[in-house]
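Using this note's numbering, the first residue of the sequence shown is number 348, and each one after it goes up by one. Ideal placement from N, C-alpha and C gives every residue a C-beta, glycine not left out. Quick notes on the structure that follows.
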Amino acid sequence: MPQRILLLSALLLALAAGALSHTTAARAAGPEIGVSDDRVLLAGGTKAKKMVDEWKRNGVDTVRIYLLWTRVAPGANAKKMPKGFDPNNPDAYNWFGYDLAVDLVRNAGMNVSLTVSGPGPWWASTNPSKKSGAYSPNPAAYASFARATATHFASRVDRYVLWNEPNSGAFLLPQKGAASGNIYRNLVVAAYPAVKQADKGAQVQIGALAPKGAARKNVTTSPLVFMRQFGCVNAKYKKIKSGSCKRYKAPTGDAFAVHPYGAKTPPDSPPKRADDINLATLSRLETSIDKLRKIGRLKGPRKMDVYVDEYGYQTKPPDKTSGISTTLQDAYMQRGAYLAWRDKRIKLLGQYLWYDEPKVNGSYSTWQSGVRFNNGKAKPSLKHFRMPFALDTPHNRLWGQVRDGGRHRVTVQQRKKGSSRWSTIKKPNTDSRGYWTLKRKLKVGYSYRFLDGTTASSALKR
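Below you can see the structure in the form of structure tokens.
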């Protein structure tokens with residue numbers, strides 16, 4: 348009898364330890380992996396199908412689709428809403444292309460995040476005479492559009508983002524003064540409950556901010572300046588109660604989206620202006636979010652999660668002015684993945700573009716941040732997309748991920764300077780999202796890599 352009790356106790360302890368280990372691994376799991384390439388995806392056909400299949404093979408969890416108001420609503424360039432159109436009725440919109448795209452992604456086993464955004468039809472502006480769908484959208488009209496969207500996609504989508512880059516004049520006008528922050532706040536206040544009413548279990552994200560301001564007026568507002576305008580506070584986060592802030596109503600969000608592009612700079616390098624952000628300085632944004640919530644200027648979770656639903660580096664070639672080398676793109680993307688993992692509030696890291704966009708009127712004025720050139724040829728970044736790898740010398744840490752998920756046992760190796768032989772250091776297990784990390788003093792002159800089966804990561808030198 349005592350022996351049975353001892354055996355039972357040992358079994359219970361083992362089960363408890365296993366449960367604790369599983370819990371710890373789940374908590375340690377890093378961001379989901381996302382991607383966005385609407386130009387190819389919404390065009391449909393064979394290319395879109397091949398791209399989606401490639402996303403799945405490379406471990407993409409979530410696909411973000413930009414749902415453009417003018418693409419589904421009638422009368423884009425009309426000053427008055429078309430007669431007979433009911434903006435609250437989802438059957439009154441043309442969802443055809445989006446239905447195909449959402450179904451293609453879902454059938455491949457990935458989730459969809461919809462950015463419900465303008466510019467909208469002229470008639471949806473508070474000043475249709477401006478003939479701009481970006482100019483001061485009517486909150487009630489936007490709420491109707493958001494409600495119709497959530498109603499239509501409720502069974503297939505559980506994540507929505509309210510507007511895209513509201514601190515950019517390309518999507519929301521005017522940007523002069525505090526106008527864009529005030530306008531966006533009113534849009535969120537109107538649309539958040541509309542989406543929740545239509546799809547109760549959905550997550551509604553706000554923000555989706557561009558990472559930096561522009562020197563020219565009315566173009567782009569620095570994200571942290573925009574946050575203060577959005578929350579009606581001054582530079583010291585003291586409440587402003589006059590003007591457009593007089594009857595302040597706090598907006599609500601379940602999470603916050605952001606686009607912390609680094610342009611030509613490494614992901615570790617902070618931007619020059621304190622009110623701009625990049626991947627290394629997202630704590631600036633998180634602090635702003637927390638301050639607004641603390642003083643009642645923003646409603647939502649106590650520590651609002653952050654979703655990087657756009658991130659990437661343009662390459663040269665093909666972009667001769669705004670790009671970095673394809674080799675640097677590969678290195679920066681992997682380093683960025685590590686920085687995202689290190690920030691425990693980041694729940695998604697989304698690659699913006701799979702294929703470079705083509706020339707427009709003879710110039711590369713659009714985006715060339717894909718892992719494939721426009722002609723389909725792979726860049727170096729595609730080879731390592733599934734298995735990013737990074738060294739953190741100050742913390743004596745090796746880090747990597749096997750992105751197709753599940754638990755793997757990887758082989759971490761090192762090689763002496765001047766040697767062609769790799770020796771195994773350790774074989775750590777990944778967590779549920781394929782992440783692993785290993786503490787080890789990194790030796791000067793040594794190279795490091797890891798293997799998943801016979802597939803090797805990039806080799807990095809200390």
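Whole-angstrom distance between residue j and residue i, CA atom to CA atom
i	j	result
ALA490	THR674	44 Å
ILE693	ASP601	13 Å
GLY752	LYS588	49 Å
THR758	GLU657	31 Å
ALA582	TYR507	30 Å
LEU451	GLY683	28 Å
ALA517	LYS478	14 Å
PRO421	ALA501	22 Å
ASN435	SER483	20 Å
GLY444	ARG411	15 Å
PHE603	MET734	27 Å
GLY659	VAL449	23 Å
THR668	THR771	42 Å
ALA621	ARG644	22 Å
PHE541	SER630	Checking the sequence shown, residue 541 turns out to be Ala, not Phe. One C-alpha to the other measures close to 30 Å.
LYS619	ASN533	31 Å
LYS790	THR740	9 Å
SER804	ASP666	27 Å
LYS430	ALA439	12 Å
VAL718	LEU729	5 Å
Delimiting residues of the alpha helix (DSSP H) encompassing residue i
i	result
SER770	SER770 -> not in any alpha helix (DSSP H); beta strand (DSSP E) instead, spanning 770-773.
ALA737	Premise fails: ALA737 lies in the beta strand (DSSP E), 736-739, not in any alpha helix (DSSP H).
LEU451	443-454
ALA545	526-545
LEU729	727-732
GLY753	Looking at the DSSP string, GLY753 is not in any alpha helix (DSSP H), and its letter there is neither H nor E.
GLY683	673-689
ARG575	570-577
Nearest-angstrom Cβ-Cβ length linking residue i and residue j, presumed shorter than 8 Å
i	j	result
ASN458	THR409	5 Å
ASP400	LEU700	The Cβ separation is near 17 Å, so there is no contact.
ASP623	PRO558	6 Å
MET574	LEU639	7 Å
HIS731	ASP677	6 Å
GLY381	LEU447	Not confirmed; about 20 Å, so no contact.
LEU738	LEU807	5 Å
LEU632	VAL605	6 Å
VAL387	TYR711	About 17 Å separates the two Cβ atoms, so there is no contact after all.
Residue i - DSSP class collapsed to helix/strand/coil
i	result
TYR432	Correcting the residue type first, residue 432 is Phe in the shown sequence and not Tyr. Three-state DSSP puts PHE432 in coil, outside helix and strand.
ARG829	With the chain covering 348 to 809 only, the question about residue 829 has no answer from this structure.
VAL459	strand
TRP783	strand
LYS641	helix
ALA493	helix
ALA488	helix
LYS763	coil
THR634	helix
VAL508	strand
THR567	strand
SER591	helix
VAL707	strand
LEU807	strand
LEU519	coil
VAL419	helix
VAL791	coil
Run of the beta strand (DSSP E) containing residue i, from where it starts to where it stops
i	result
GLY747	744-748
ASP656	653-658
PHE603	602-605
THR409	409-415
GLY392	Looking at the DSSP string, GLY392 is not in any beta strand (DSSP E); the run it does join, the alpha helix (DSSP H), is 392-404.
GLN698	693-699
LEU798	794-799
GLY381	379-383
LEU556	550-556
Counted within 10 angstroms of its Cβ, other Cβ atoms place residue i as buried (16 or more) or exposed
i	result
ASP778	buried
ASN441	exposed
PRO468	buried
GLY609	buried
GLN544	exposed
LYS763	exposed
ASN743	exposed
GLY723	exposed
GLY464	Position check: residue 464 holds Ser in this sequence, whereas Gly was assumed. Counting Cβ neighbours within 10 Å, SER464 comes out buried, since at least 16 surround it.
THR393	exposed
GLY709	exposed
ALA725	exposed
VAL707	exposed
Residue-chain proximity (residue i, chain B), Cβ-Cβ < 8 Å
i	result
ALA488	Absent from the structure is chain B; it holds one protein chain and no more.
Near the ligand PLP: residue i beta-carbon under 7 Å from a heavy atom
i	result
GLN550	The ligand PLP is not part of this structure, which contains no ligands at all.
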